[in-house]
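Colleague: Below you'll find the structure I mean.
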Amino acid sequence: MTLSRRTLFAASALVLAAPHRVWAQAATSPPAGPFTLPPLPYPADANEAAIDARTMEIHHRFHHGAQVANLNAAVANHPQVAAMPLDQILMRLSEMPESVRTAIRNNGGGHANHSMFWTIMGGRGGEPTGELAAAIARDFGSIQSFREQFERASNTLFGSGWAFVTVSREGRLAIVQKPNQDNPLMDGQRVLMGNDVWEHAYYLRYQNRRAEYVRNWWNVLDWEKIAARYAAARAGTLAI
2 MTLSRRTLFA
12 ASALVLAAPH
22 RVWAQAATSP
32 PAGPFTLPPL
42 PYPADANEAA
52 IDARTMEIHH
62 RFHHGAQVAN
72 LNAAVANHPQ
82 VAAMPLDQIL
92 MRLSEMPESV
102 RTAIRNNGGG
112 HANHSMFWTI
122 MGGRGGEPTG
132 ELAAAIARDF
142 GSIQSFREQF
152 ERASNTLFGS
162 GWAFVTVSRE
172 GRLAIVQKPN
182 QDNPLMDGQR
192 VLMGNDVWEH
202 AYYLRYQNRR
212 AEYVRNWWNV
222 LDWEKIAARY
232 AAARAGTLAI
């Protein structure tokens with residue numbers, strides 16, 4: 002049987018399109034396992050002052066969604082690990098089965114990082130108040146100095162990673178850089194807040210202008226949510 006050029010072209014198009022359809026289907030399928038992708042706590046366009054809606058959708062649905070799916074796959078044959086809270090898994094990373102430790106580090110860290118990231122945005126920026134503002138002034142000198150130090154940490158981190166503010170049970174704050182999807186919980190430190198400086202977090206709007214993204218990010222922070230995390234850390238109830 003002889004195929005026409007039109008038939009051959011149509012068949013080729015189907016072959017080329019198939020991987021994209023499979024990828025999209027996998028990315029939107031609910032994860033089979035103990036870990037789930039949390040919904041965004043606001044519309045995707047809620048952070049337009051810093052992050053466009055399309056970036057939010059791709060970042061949440063596909064990047065974070067893939068990490069949840071990969072984490073579930075990593076713990077599928079390790080029921081004792083699957084039954085543990087995520088913060089305990091990361092704090093006890095060295096005890097995880099060696100065969101899946103790297104997968105847990107990358108995807109468990111990414112799941113914790115992004116789950117925190119979504120919750121502290123959706124606000125209108127401004128400045129912290131109350132106990133959190135006092136703690137920032139105590140540990141960094143002033144709100145302005147804190148912003149400058151945090152922006153420096155975000156902008157000087159080489160390659161992909163995160164800039165975090167950690168918080169101790171006593172309420173002490175510190176700025177740390179972490180590569181890739183590492184999380185301060187891996188060092189026994191709780192996270193108050195953090196910014197994702199992987200390129201996928203900002204590239205559609207900013208391309209290589211990371212500093213502009215970092216500067217605009219302050220405009221979408223929800224300081225009430227961050228203050229609630231500070232209070233939870235002081236009370237010993239903050240997880241991820």
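Numbering (my numbering), first residue to last: 2 to 241.
Glycine residues also receive a C-beta, built at the ideal position from the N, C-alpha and C atoms.
Looking at the structure shown, is residue 175 part of a helix, part of a strand, or coil, going by DSSP?
Modeller: Here residue 175 sits in strand by DSSP.
Colleague: In the structure shown, what three-state DSSP assignment does residue 199 receive?
Modeller: Coil, per DSSP.
Colleague: Apply the 10 Å Cβ neighbour rule to residue 108 and answer buried if 16 or more other Cβ atoms are within range, or exposed otherwise.
Modeller: Buried.
Colleague: Keeping to the same chain, check which residues put their C-beta closer than 6 Å to that of residue 39; ignore five residues upstream and five downstream.
Modeller: Cβ within range, chain order: 116.
Colleague: What residues are listed by DSSP as bridge partners for residue 215?
Modeller: Paired residue(s): none; residue 215 is not in a bridge.
Colleague: At which residue ranges does the region 75-115 contain complete alpha helix (DSSP H) runs of 4 or more residues, listed in the order of the chain?
Modeller: Within the region 75-115, the complete alpha helix (DSSP H) runs of at least 4 residues are 80-83, 87-92, 99-104.
Colleague: Below 6 Å CB to CB, which residues in the same chain sit around residue 122 once its five sequence neighbours on both sides are set aside?
Modeller: Excluding positions up to five away in sequence, the list reads 48, 221.
Colleague: Contact check, residue 93 vs residue 156 under 8 Å by CB: the rounded distance?
Modeller: Not confirmed; about 32 Å, so no contact.
Colleague: Can you confirm whether the region 152-166 touches the region 178-195 when touching is taken to mean that 3 or more C-beta pairs between the two stretches lie within less than 8 Å?
Modeller: Yes, the region 178-195 touches the region 152-166.
Colleague: Could you tell me which residues DSSP puts in a beta bridge with residue 168?
Modeller: DSSP lists 174, 191 as partners of residue 168.
Colleague: Output needed for residue 191: all residues of its chain with C-beta closer than 6 Å, excluding positions within five of it in sequence on either side, in chain order.
Modeller: Contacts found: 168, 234, 239.
Colleague: Please classify residue 29 as buried or exposed, where buried requires at least 16 other C-beta atoms within 10 Å of its C-beta.
Modeller: Bear in mind that a pLDDT of 46 at residue 29, under 50, signals an unreliable position, so the number given afterwards is only what the model happens to contain. The residue in question, residue 29, is exposed, as its Cβ has fewer than 16 Cβ neighbours within 10 Å.
Colleague: Can you tell me whether residue 133 is helix, strand or coil according to DSSP?
Modeller: Correct three-state label for residue 133: helix.
Colleague: Using 10 angstroms around the beta-carbon of residue 56, count the other beta-carbons present and answer buried if the total reaches 16, otherwise exposed.
Modeller: Label assigned to residue 56: buried.
Colleague: Determine the direct distance from the alpha carbon of residue 140 to that of residue 175, and round the result to whole angstroms.
Modeller: Each residue's alpha carbon lies about 8 Å from the other.
Colleague: Quick check on this structure: which residue in 60, 213, 71, 33 has the alpha carbon closest to the alpha carbon of residue 50?
Modeller: Residue 213 is the option with its Cα nearest to residue 50.
Colleague: What residue does the alpha helix (DSSP H) around residue 63 start on, and which one ends it?
Modeller: Run containing residue 63: none; DSSP gives neither H nor E here.
Colleague: Does the Cβ of residue 230 lie closer than 8 Å to at least one heavy atom of the ligand ZN?
Modeller: Ligands displayed in this structure: none; no statement on the ligand ZN is therefore possible.
Colleague: Label residue 185 either buried or exposed according to how many other C-beta atoms from any shown protein chain fall within 10 Å of its C-beta, with 16 as the threshold for buried.
Modeller: Residue 185 is buried by the Cβ-count criterion.
Colleague: In or out: residue 131 buried (at least 16 other Cβ within 10 Å) or exposed?
Modeller: Residue 131 comes out exposed.
Colleague: For the alpha helix (DSSP H) that contains residue 225, what are its first and last residues?
Modeller: Taken as a continuous stretch (DSSP letters only), the alpha helix (DSSP H) holding residue 225 covers 224-236.
Colleague: Looking at the secondary structure, which residues open and close the alpha helix (DSSP H) in which residue 207 lies?
Modeller: Its alpha helix (DSSP H) spans residues 204-207.
Colleague: So for residue 185, helix, strand or coil by DSSP?
Modeller: Helix.
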